[in-house]
Amino acid sequence: MSLPSFVRLIEVGPRDGLQNEAQPISVADKVRLVDALSAAGLGYIEVGSFVSPKWVPQMAGSAEVFAQIQRKPGVTYGALAPNLRGFEDALAAGVKEVAVFAAASEAFSQRNINCSIKESLERFAPIMEAARQHGVSVRGYVSCVLGCPYEGAVKPEQVAWVARELYAMGCYEVSLGDTIGTGTAGATRRMFEVVGAEVPRDKLAGHFHDTYGQAMANVYASLLEGIAVFDSSIAGLGGCPYAKGASGNVATEDVLYLLDGLGIETGVDLNALIAAGRQICDVLGRPSGSRVAKARSAQ
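Numbering of the sequence shown is given in the working numbering, commencing with residue 13 and proceeding in unit increments.
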C-alpha cells in the first residue's frame, strides 16, 4: 500500500499531555499553548477535558481556556467529554467536537471507569443523542489496543469489536491507542489489518506512546497500512494516570519530522512547533521529550 499524501495531526498536548502533570498549570499558560499550536498550523487541537477536577485536577478550568483562546477559522478545538454532564459543560463552553473513550481491555475499563466495556459503551448513548441534536461531532478513543497493564496482550479482534461499536453509534473517527507503549510495528500492522476489516481505514487514527521507544516505528507501520490520522503531543508530554509506567505520547515534533522527510503534507510548521514546545517546557521546568527539539537546540 502506498503512503498517504496528506496526514492530519491531532494535537492532544493541552489535554492528554498536561493531565498527568503534578504541578498546577495556569489557565493563561494553557491558553498561550493552544494559541501557539494554532499559529503553528495544526488543524485539530484537543484543548481540555470536561471531567470532575476531583479525578483529573489539571483539567479544571477547561471552560475558561475555551473562553480565552483565539479561535482560528478552519481549526477544530475539541474536548474530552466522557459523560452527559461533561458534554453539557462542553456545549456551554462553545465546544463543537467532543471525544469519548472506551478500552479494549476489560480490566483496564474496570480500573479506569469502574465498569465493563459493554457498560461504558451504553453510557455513551445519551451523549451521542445529545450530540446529534446539537450538531456536535464525536470522536472515539480506544485505549490499550496493543497491551494492557493488567491483562497483558490484547487480541486485535477485541479492539475491532470496540472500534466497530463506537463507529456504529456515531463516532466519525476512532483513534486506536497504545496506552502503555508496548506495541511493535508488526503488532501494529496486524491490529490495523483486523480492525480495518470492521471499520474503514479512513475512519481510523493511531495514538502511540513511547514507553518502549517504539512509537515512531509504529507510526510508520500505520502509514504502511493506509492510516492518515495520528494523535500526538507537543514535546512528548503526557502519560496515563491509570496506567503506571506509561510514558508520554509520541512527540508531535518527531512525527512531523518523519512526515516531512517522507514528503507527506501536514500544513504544520516545524520551527513554530518546536518553539511552542519550548515555551510549555519552560513553564513545566523541564526539557522537551522530543528528540527533534533536543537535536535542534544542540545545534
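Don't be surprised by glycine CBs; every beta carbon is placed ideally from N, CA and C.
query	result
Tell me whether residue 20 sits in a helix, a strand or coil according to DSSP, three-state version.	strand
Classify residue 164: buried if its beta carbon has 16 or more other beta carbons within 10 angstroms, exposed otherwise.	exposed
Does the structure place the stretch 72–83 close enough to the stretch 27–45 that three or more beta carbon pairs sit under 8 angstroms?	yes
If we ignore side chains and look at the alpha-carbon of each, how far apart do residue 134 and residue 116 end up?	15 angstroms
Would you mind working out which of 171, 166 and 161 sits nearest residue 152, comparing C-alpha positions?	171
Does the stretch 57–70 come within contact of the stretch 288–302, defined as at least 3 CB pairs closer than 8 angstroms?	no
Would you kindly check if the distance between the Cβ of residue 303 and the Cβ of residue 266 is under 9 angstroms?	yes
Tell me the start and end of each unbroken beta strand (DSSP E) in the stretch 162–236 that is at least 3 residues and wholly inside, in chain order.	185–190 and 216–220
Helix, strand or coil: which one does DSSP assign to residue 249?	coil
Can you name the residues that DSSP bridges to residue 113?	153
Residue 137 lies in the alpha helix (DSSP H); which residues open and close that run?	137–146
Assuming residue 139 and residue 112 form a contact by the criterion Cβ under 8 angstroms, report the distance between their Cβ atoms to the nearest whole angstrom.	6 angstroms
With DSSP as the reference, label residue 29 as helix, strand or coil.	helix
Mind checking residue 190: buried by the 16 CB within 10 Å criterion, or exposed?	buried
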